Each structure stands twice: as C-alpha cells, then as structure tokens.
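The structure appears right after this line, and notes come after that.
Number of protein chains: 2
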Amino acid sequence: MALSDLRGVERNEAGIEAALGILKQRFGERFQTGMAIRGQHAHTTTYIPTQAPDGVAFPESGEEVQEIVKVCAEHRVPVIAFGVGSSLEGHVNAPGGGISLDTSRMNRVLAVNAEDLDCTVEPGVTREDLNAYLRDTGLFFPIDPGANASLGGMAATRASGTNAVRYGTMRENVLALQAVMADGSMVTTARRAKKSSAGYDLTRLLIGSEGTLGIITSLTLKLYGIPQAISGGVCPFPSVETACQAVIATIQMGIPVARIELVNQLQMRALKNYSKLDYPESPCLFVEFHGSDAGVAEQAETFGEIAAEYGGGPFLWTSVAEERTKLWKARHDAYWASLTLRPGAKGLSTDVCVPISRLAECIAETEADIAEMGLIAPIVGHVGDGNFHTLVLMDVDSPEEIALAEKFVSRLNMRAIAMEGTCTGEHGIGQGKMGFLEHELGHGVDIMRTIKAALDPQNILNPGKILPAA
Amino acid sequence: MALSDLRGVERNEAGIEAALGILKQRFGERFQTGMAIRGQHAHTTTYIPTQAPDGVAFPESGEEVQEIVKVCAEHRVPVIAFGVGSSLEGHVNAPGGGISLDTSRMNRVLAVNAEDLDCTVEPGVTREDLNAYLRDTGLFFPIDPGANASLGGMAATRASGTNAVRYGTMRENVLALQAVMADGSMVTTARRAKKSSAGYDLTRLLIGSEGTLGIITSLTLKLYGIPQAISGGVCPFPSVETACQAVIATIQMGIPVARIELVNQLQMRALKNYSKLDYPESPCLFVEFHGSDAGVAEQAETFGEIAAEYGGGPFLWTSVAEERTKLWKARHDAYWASLTLRPGAKGLSTDVCVPISRLAECIAETEADIAEMGLIAPIVGHVGDGNFHTLVLMDVDSPEEIALAEKFVSRLNMRAIAMEGTCTGEHGIGQGKMGFLEHELGHGVDIMRTIKAALDPQNILNPGKILPAA
Numbered sequence: 001m002a003l004s005d006l007r008g009v010e011r012n013e014a015g016i017e018a019a020l021g022i023l024k025q026r027f028g029e030r031f032q033t034g035m036a037i038r039g040q041h042a043h044t045t046t047y048i049p050t051q052a053p054d055g056v057a058f059p060e061s062g063e064e065v066q067e068i069v070k071v072c073a074e075h076r077v078p079v080i081a082f083g084v085g086s087s088l089e090g091h092v093n094a095p096g097g098g099i100s101l102d103t104s105r106m107n108r109v110l111a112v113n114a115e116d117l118d119c120t121v122e123p124g125v126t127r128e129d130l131n132a133y134l135r136d137t138g139l140f141f142p143i144d145p146g147a148n149a150s151l152g153g154m155a156a157t158r159a160s161g162t163n164a165v166r167y168g169t170m171r172e173n174v175l176a177l178q179a180v181m182a183d184g185s186m187v188t189t190a191r192r193a194k195k196s197s198a199g200y201d202l203t204r205l206l207i208g209s210e211g212t213l214g215i216i217t218s219l220t221l222k223l224y225g226i227p228q229a230i231s232g233g234v235c236p237f238p239s240v241e242t243a244c245q246a247v248i249a250t251i252q253m254g255i256p257v258a259r260i261e262l263v264n265q266l267q268m269r270a271l272k273n274y275s276k277l278d279y280p281e282s283p284c285l286f287v288e289f290h291g292s293d294a295g296v297a298e299q300a301e302t303f304g305e306i307a308a309e310y311g312g313g314p315f316l317w318t319s320v321a322e323e324r325t326k327l328w329k330a331r332h333d334a335y336w337a338s339l340t341l342r343p344g345a346k347g348l349s350t351d352v353c354v355p356i357s358r359l360a361e362c363i364a365e366t367e368a369d370i371a372e373m374g375l376i377a378p379i380v381g382h383v384g385d386g387n388f389h390t391l392v393l394m395d396v397d398s399p400e401e402i403a404l405a406e407k408f409v410s411r412l413n414m415r416a417i418a419m420e421g422t423c424t425g426e427h428g429i430g431q432g433k434m435g436f437l438e439h440e441l442g443h444g445v446d447i448m449r450t451i452k453a454a455l456d457p458q459n460i461l462n463p464g465k466i467l468p469a470a
Numbered sequence: 001m002a003l004s005d006l007r008g009v010e011r012n013e014a015g016i017e018a019a020l021g022i023l024k025q026r027f028g029e030r031f032q033t034g035m036a037i038r039g040q041h042a043h044t045t046t047y048i049p050t051q052a053p054d055g056v057a058f059p060e061s062g063e064e065v066q067e068i069v070k071v072c073a074e075h076r077v078p079v080i081a082f083g084v085g086s087s088l089e090g091h092v093n094a095p096g097g098g099i100s101l102d103t104s105r106m107n108r109v110l111a112v113n114a115e116d117l118d119c120t121v122e123p124g125v126t127r128e129d130l131n132a133y134l135r136d137t138g139l140f141f142p143i144d145p146g147a148n149a150s151l152g153g154m155a156a157t158r159a160s161g162t163n164a165v166r167y168g169t170m171r172e173n174v175l176a177l178q179a180v181m182a183d184g185s186m187v188t189t190a191r192r193a194k195k196s197s198a199g200y201d202l203t204r205l206l207i208g209s210e211g212t213l214g215i216i217t218s219l220t221l222k223l224y225g226i227p228q229a230i231s232g233g234v235c236p237f238p239s240v241e242t243a244c245q246a247v248i249a250t251i252q253m254g255i256p257v258a259r260i261e262l263v264n265q266l267q268m269r270a271l272k273n274y275s276k277l278d279y280p281e282s283p284c285l286f287v288e289f290h291g292s293d294a295g296v297a298e299q300a301e302t303f304g305e306i307a308a309e310y311g312g313g314p315f316l317w318t319s320v321a322e323e324r325t326k327l328w329k330a331r332h333d334a335y336w337a338s339l340t341l342r343p344g345a346k347g348l349s350t351d352v353c354v355p356i357s358r359l360a361e362c363i364a365e366t367e368a369d370i371a372e373m374g375l376i377a378p379i380v381g382h383v384g385d386g387n388f389h390t391l392v393l394m395d396v397d398s399p400e401e402i403a404l405a406e407k408f409v410s411r412l413n414m415r416a417i418a419m420e421g422t423c424t425g426e427h428g429i430g431q432g433k434m435g436f437l438e439h440e441l442g443h444g445v446d447i448m449r450t451i452k453a454a455l456d457p458q459n460i461l462n463p464g465k466i467l468p469a470a
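Take a look at the structure:
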C-alpha cells in the first residue's frame, strides 16, 4: 500500500551540490533554496509525507528549462516539474532530492486560433487563467479537474473532471506538446492539425507520464464554442443503484450530457448542512446539458423521463444561469462540506474508475466497506465515465488512522481492478498508487520501464514515481 | 520522395530459411509460401512496387501469434501484420522479406458490453462485420475509413474517415489493446474503464505504430447508440473558399455535425457523369447530422442558414433514409466516379491535414498545382477536420507519370507541413511518406527511433516502415 511503497531514490550528493552552485549562479533570485519554499514545492494536497527538493528553479522560457535539465543531466540530479501543487498522489515529492522546476513564470497564452478552435499556452497557465483570457472570444477550454490546476500539470497527470463525459480528458484535448527531454533536447510532438497518422503518438505518450519522460514547455489545446444554452439540475434517487441505471440509460440514448455527477447519501447530508439548501437526503444526480435553447430543454426533459422510470425525481432543472448555479452549488462545495463531517480532520482523496455496468456494485461494496471499517468517507462521482472519488476524513497525525485509510484505499483499488477498472481514473499514480500498477497492467509495466530507461537512461526526470521497482 | 525512399532492409537468408521450415511444420496448411499468395500479401491499393514476404502465416489466436513472433525473434526474421490489405502507403510490403502474419482467421467478436458501450474483438474483424454483428443491439461502431478494413489494421494506422469530426478517430475509440511485442510477450495496454491515469498510454503508443512496435491481437472499442434520427443533404457553394468558411462557422457554432465532406468541382463533374444525378457542377458540401428528430431538423436548418450567409445553397436535405442515401450516393461513389475521368488509369490516393483556417488556401494552391502540372486529380475532403484527399489518375506503367505524381505529392506534403499541418491525416506513413516525417516532426523522429530500438532491438516488426534511416 501507498506509504510502504515510497521508494528511496539514492541521493547523488556531489551532483546535487554541483548543480545547486551552477543554477544559483545562473538564475540568481530565480533559484531558491530556502527551507520553506522547498517544502511548499513538495507538500501538496496529499497525506503523503513531504520529501523536499534541494532547490527550486523558476524558468521563464523553454530554453531556460533546457538549460536547467542539461545541468541536471550533466550532474545526474533529479528534476521534478511543478505546476501549482494540486496533485494528490505525491507527484512533486523529491525522494532523491534534486531540483523542483516551477513553471509558474511560464504563464503566457502564446496564441489563440479562433477559427481552428485551438490555442497554444505555456505550462504554467492555469485553466481558470485560460478561460478568463478567452472570455471575449466566445470560446472556452472545458476540462475542469476541480482545482485551478496548471495546464502543464493537467496534461502530465492526464487530468479530467466533471465534464469529461462530454468533452473527454486531457488525452483528447491536447493537439500537440513541446517538451524538454532528459538530455535537454526539445521536442515538438505533433503539429496543429486536428488529426494525424504521422508516426508514433508522442503527444499521448507524454500525457499522463507525470514528468517522468519529459518536461512540458508548451501545449496546444482544443477549444470549444461556449454553448448557446446550458440547462442543469438535481435529481434524487432511491438508491445509488437506480441512479447508476439512469446514467446508463441516458448515455445509451445518446443524450450528449455535459456533466452527470453522483453524490451519495452521506455526501448529500454534508451538503445540506453546509449549503443550507433544501436538498433531499438521498443519492442525487447533478446533471448539465450544453446545446441550443431547444436542445438543452429537450435533453433535460428526456433525462427527467428516464429518471422517473428508475424511481428518481422530482428532477428540478433550469436554463437560467443563476438558478442553475444555485442548484449546482452543493456539488461545487462538496470538498468543503465534507470536512464538516469531522471537524479538524483532513481528507485523503482517492479515485478509481470502472466500467459503468459495474459502478453501482463497486460503490455499494465501497459503502459497505466504509461502514464496516468505521470510516467517514463521502463519495462523489463523475459517473458518466464510471469514475468516483472517496474522501476519507482522518487524523493525519494518527498512524493507526493512516494505516486504516491505506487499507481502505488498497481494498478499493483492488476492487476496481477486479471489476476490469483502473486504480486511478484521473489522479495519476505518483507515489501513492505505485503499488497497484502491476496488479492492473502486469507486463505492461515492464514495457513502461523499457520506455523510461530508453528515454531517461540516468533516471533524472521525476524519479521514484509511477513505476514500482522491478 | 516516396519511391526513392524505399529503404532496403537486409535479408537474413539463413534466418528466413530456418523460420520457414519451423513455421511450415508447425502450421501446415496455415502457412503458405506460394508466389501468388505472397504477392497478394504485399500488393495493396498503392502504386508502390510489391515487395513480397517469404511466407504467409494464418494464426487463429493470440497464442499462435506469440508462437510465430517467437520463432521470428529467435531467427531475426521480419514479421509484418496483415489485415485486409487496404492500406495505401506500402504498409504491408516486406522490403527485407520475412513472414506476413495474416489476421483474417482471428475474426471473432469476443464480447459486447451493451451497458458499457464497448466491445472486444479480434484484429481480423472488419468494421462492416462488426456493425453487422451489432445490428440487433441498437449500437454501432462509427469509424469509417471507406474501405471495409480490419479493425486491427485501422488501429495500427490510426485510421479515421468521414465521421471523425463527430466521433473521433481510432485514437479516441480504442479503450484497450492486447498485443504481442517483439520478444513474443503478450501485453494488455489498459483495462475496460472509460478513462484512466494509470501510467504511460501504451494504447495510444501502439495505435498508429503500423505494426512496428507490436502486433495487435485484440481490441476493446467504444460503441455508440444508433442515433434516433439522421438528417443529411448536399449544399453547393460558389467556391472552395466559401464552403470552407461555412464549415468553420458551423463548427464554431457548436453544431455537432456527424459528417461534413467537401467535394471539389472536378470531383463533382465526375460524380454527375457517373451517378447520372442532377448535382450542380460546383464545389459541394455533403453533410449529415445525428440526434433526436427535433435535433437533427434544427441542426440542418441552422446549417442551411450558415451556408446561405456564405453564398451557398440551396441546401437540399432530408431525414428520410432512402432519400438521404440517394443524396449521399455521389459521395460514396467518389472513387469509382474519379476513375472515369481517365479510363484505364489507376489512382494514387494521398492525404494531408491542415488547421481548418488554412484549408481553403491549401486546397486552392493544390488545385493550381494540379492545373499547372497537367494532372487529373479530383479532391474530396473530411473538411471538418481539415483533412483532404487527392486521387492522382496516372498510368502506373509510365515512369514519367509516376515521377510527376511523386513530385506533386511531395509538393502537397510540404505545403501542408508549411501550413502547420501533417503529411498524413489518416493514411499513415508506411513507406510512401517516410521522406516527410522529419520535415514534419524533426527531433521527434529521433525519439521515435529510440522507442523503436528499445522495444524492438532486432528490428523485426515491420522493418523499413515509418522511420527514415537516421
């Protein structure tokens, strides 16, 4: 399980010392070695203990990233790319020390091609920054993992979120990347065409590689026209199972639902208390439709009929922006509302994803496990994709509670894998889920190791992540 | 250019002889060495000269594929996966001889999971076979490259076609693959969950790798509900440019067009003559919409209004299946109609893809080039993606004509690349486009070579394809 799998990466003290000297001289104030800043660059929204880097560099261009990687390559020192630190599985820890490469100063939107529905950005641009920048164009970038993550980090972890059911994940929404490889060379993975059959898919190879194969220095992203109309609402169901059946029917009907989120009973209780809204205290689906005025109304009505067939309802929905925002507020507040279930506790957020036909069963078994283990752990899910999250509320200073939470996560991951699913739908492997990757993909992990060894023979790019020791 | 880049792959005579003996003994009648059958397995729908393999194996399972690859690995003999032979760029040629691995007996649908909208098939199942199999389920697999290609071959070349604008390409529609690697080991690239952030994207690495990294032995594919209603029609435009502007506006509006095909003036002339239908002799868009009854009517009406704004029309459309089929007949007959433009000639089919904002310019320059070079070469395009095809009609027995066609293709590829596009949107690199890959991706090709060398150190999987000599 997670903590016990934190691999030691041997420290190369002499190399680190040499690299620190060179980078300090070259980057001056843009290279920091203070304890606080180093700690901030390792400690993210995770319970995994902090393993700080030895220094933090703030490059301002792809060329500067190349310089840093070349210094680290010459001295065999780890380089760990850092976006905003919202990752959840220890992705930015530095188990062998080394340099954190903070992309926050690489935050320019380089081009917006409205006719082509694409844009090119530096990796430190966050998704909210990008959408603010696009506001006057009538376009938007849909992927929404919750946190205001950097787009480079979102690509590196193959992030997705609530509207992946309609718009896909980062995998489907990156047209091309520019990245610095382990030898300091710069590669452009693809051109700006919507599709291509020209050679190996280097774009997708880097997406989800968590900074272990290359450091992303620019991204060309797909954009979408802001829909003419949006309708959305909330629909209670007698059970998780009936809610899941309604989701399956909705998707099979071909209704192009933009978001369809399951909130379980415990989470609804937390939301009611937190939001002071008159929600029912039973499992609910929060749904949203994008399209023409007539289209979104038709979709909402059809969904309401499907929900009723499965005993759900009443389905309260609206196309009026303010009312929709109010209806959806609860879903957006889920994280903060959850914390009120156990004041003072912190949350361990974990995610799995299973074929949608197994979703109800997987959630039911997980709820039973939560009850049996005496945990407080509400569930929310991007159920159109079969993806759900559990937030285990725990005292992170209690080794017993951490051990129990890890046992729960382990059982959850193995349950998802046994149901033909994955141990992570969108959070990534990092350090936290390394122990499950071979259970999930077997010999595939050997292929990954072969690729890693070929492209980063010195193992300097984010070492000790994704790939468990062979 | 193409022919001059056909790389010699050194023949390993002793190894080939040994492998032939072993495979003949093991597979009996399912291993063929007759000249005719060997020639059929190299000669595909291309003008590139045939380079026949030394034998053709017909495995019936993944385990048998492993056996064949292990024999070839032991004796360092090329293995070339073969689907139905509809590829266009010499993908199945055997420049260093070796074994053609014909997947036609691996043609079982292994599972259909209707609730999950997915299925698992063997690689020799063709897309028409699959859709026939699915007929009673209300589901379909949308990717349509024109030919009745095998699904293994479609994944291997990252195929797409007319409705990629709505449903994506093979890249977006394969959930997982099982493949035999160069050492004969079997890998499963992913599980059946709709999305995953678990490690490197081996699925996408194999898709488009044209059999050079692994041989696909099963595919898990996304399926879709057959739409409640389909509307479609034909709309003439005064010029290619106005047609392209209408396409851009349609997509920016967020109209979920399922197909949007450009047919240029010369192609329309051929179609009129061939189909005896009363089409206008000007550039046309053929469009199709999928959705609810009300939805497809609304979409067709909105598209008609957009077309009119750009001087197009009248837009003749219908939701009645027979009438729609008749309107679309011309588009489906394009290949055969084209051949009537020069009786006795054969067609060299080539494709490029550019950002849609450059599409009109790219087609205009290409039409001018065709006129200047005195070629007969109609154009059709999957213009929603910026992808178009040119069919150069030529006498394949004339070296001068071949040289001229190659010059044209070279100029077309370099033009697309100069416009931030790709030398192939959906046909792949094979042998025919190797000369352009470095122009398009530069150092990216070195990364591809590193991956190829790591995963296939003996270079036995489809050698002499995709990667130009370093």
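First to last, the protein sequences are chains D and H.
Note that full-length UniProt numbering numbers the first sequence so that position 86 is 86, with each residue one more than the last.
Note that full-length UniProt numbering numbers the second sequence so that position 329 is 329, with each residue one more than the last.
Backbone N, C-alpha and C define an ideal beta-carbon position, used for all residues, glycine too.
Predicted model only: the values in this text are computed from it and were never measured.
- Under the Cβ distance rule, D:L437 counts among the residues neighbouring chain H, one pair being separated by less than 8 Å.
- Residues of chain H with a Cβ closer than 7 Å to the Cβ of D:S357 are, in chain order, N113, E115 and D116.
- Taking a beta-carbon distance threshold of 8 Å, D:E426 counts as an interface residue toward chain H.
- Around the CB of H:T33, fewer than 16 other CB atoms lie within 10 Å, so the residue is classed as exposed.
- Listed in chain order, the non-local C-beta contacts of H:T422 below 7 Å within the same chain comprise V352, C353, A416 and E440, local neighbours out to five positions each way being set aside.
- At a C-beta separation below 8 Å, H:I429 has these neighbours in chain D: S197, A198 and G199.
- Taking C-beta separations shorter than 8 Å and ignoring five residues to either side along the sequence, the partners of H:Y224 in its chain run L117, L139, F140, F141, P142 and Y167, following chain order.
- Using beta-carbon distances, D:Q252 counts as an interface residue toward chain H, with a partner under 8 Å.
- For D:H443, the three-state secondary structure derived from DSSP is coil.
- In terms of beta-carbon proximity, D:P280 stays away from the interface with chain H, with every pair separated by 8 Å or more.
- With a threshold of 8 Å between beta carbons, D:H75 makes no contact with chain H.
- In the DSSP assignment, the residues bridged to H:C235 are H:L285.
- Each of D:W317, D:N12 and D:A453 was checked against the Cα of D:Q299, and the nearest Cα belongs to D:W317.
- For H:I37, the enclosing alpha helix (DSSP H) covers residues M35 to Q40.
- Listed by position along chain H, the residues whose Cβ is nearer than 8 Å to that of D:Y224 are G254.
- Listed by position along chain H, the residues whose Cβ is nearer than 7 Å to that of D:V354 are A193.
- For the stretch 440-461 of chain H, the residues whose beta carbon sits under 9 Å from a beta carbon of chain D are, in order, E440, L441, G442, H443, G444, V445, D446, I447, M448, T450, I451, K452, A453, A454 and L455.
- Rounded to whole angstroms, the separation of the alpha carbons of D:G28 and H:V409 is 52 Å.
- Its chain contains P238 and T242 as the residues whose beta carbon lies nearer than 6 Å to that of D:G311, once the 5 sequence neighbours on both sides are disregarded; these appear in chain order.
- Contact between the stretch 390-404 of chain H and the stretch 219-234 of chain D is absent: fewer than three C-beta pairs spanning the two stretches fall below 8 Å.
- Judged by their CB atoms, H:R158 and D:S197 are nearer to each other than the 8 Å cut-off.
- Chain-order list of chain D residues neighbouring H:V187: H443, G444 and I447, by C-beta distance under 7 Å.
- Interface residue (Cβ-Cβ distance to chain D less than 8 Å): H:T169 is classified as such.
- When CB distances to chain D are screened at a threshold of 8 Å, the residues of the stretch 144-173 of chain H falling below it are T157, R158, A159, S160, A164, G168, T169, R171 and E172, in chain order.
- Judged by DSSP secondary structure, H:G344 falls outside any alpha helix (DSSP H); it is assigned neither H nor E.
- Fewer than three Cβ pairs drawn from the stretch 333-348 of chain D and the stretch 91-99 of chain H lie within less than 8 Å of each other, which leaves the two stretches out of contact.
- Taking the C-beta atoms as reference points, H:K329 is found nearer than 8 Å to H:S275.
- Beta-bridge analysis with DSSP links D:L266 to no other residue.
- Assigned with DSSP and collapsed to three states, H:C353 falls in strand.
- DSSP places D:E89 in the coil class of the three-state scheme, outside both helix and strand.
- Taking C-beta atoms under 8 Å as the contact rule, D:D129 and D:N113 fail to qualify, at a distance of about 18 Å.
- Taking 7 Å as the upper bound on Cβ-Cβ separation, chain D lies near residues S292, A294, G295 and E298 of the stretch 288-304 of chain H.
- Interface flag for H:C119 against chain D is unset, since no Cβ pair is found closer than 8 Å.
- The beta carbon of H:I37 is closer than 8 Å to those of V56 in its chain, skipping five residues each way along the sequence.
- Think of a sphere of 9 Å around the beta carbon of D:P227: the chain H residues whose beta carbon falls inside it are G254, in chain order.
- The alpha helix (DSSP H) runs of length 4 or more contained entirely in the stretch 182-228 of chain H are, from start to end of the chain, 202-206.
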